[in-house]
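A.B. asks:
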Amino acid sequence: MGNLYIWNPQGQRKRGEANNTLRREIETDMRKMNENWTELERKAQDRVGCGMLVGGLCSVRSNRSKQKVSKG
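FYI, the numbering for the sequence shown is 5 to 76, going by the working numbering.
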């Protein structure tokens, strides 16, 4: 699972709005949660911490989708 965060896709992107990679989305969520990579990796190794981390990311993500709808 650690390689998923570091994955760097090579090649050309389609024209239009830039797509966020999983890493960029996680980094923005980390800033909102005041966390860093080492702290997230440590929590991901712990079963209870991983569940809390995913729950926190899901709540941040649902708030993000609500913001997109309200802006449009």
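Virtual Cβ for every residue (Gly too), placed ideally from N, Cα, C.
A quick note: this is a predicted structure, and the numbers were derived from the prediction, not measured.
Quick one: measure Cβ to Cβ for Gly55 and Met37, integer angstroms, because I've assumed they're closer than 8 Å.
C.D. replies: Contact doesn't hold; Cβ gap of about 15 Å is too wide.
A.B. asks: Indicate the three-state DSSP secondary structure (helix, strand or coil) for Glu29 in the structure shown.
C.D. replies: The three-state secondary structure of Glu29, taken from DSSP, is helix.
A.B. asks: Do you know offhand how far Asp33's Cα is from Asp50's?
C.D. replies: So the two alpha carbons sit approximately 19 Å from each other.
A.B. asks: According to DSSP, simplified to helix, strand and coil, what is Asn49?
C.D. replies: Sequence check: residue 49 is Gln here, not Asn. Note: Gln49 maps to helix in three-state DSSP.
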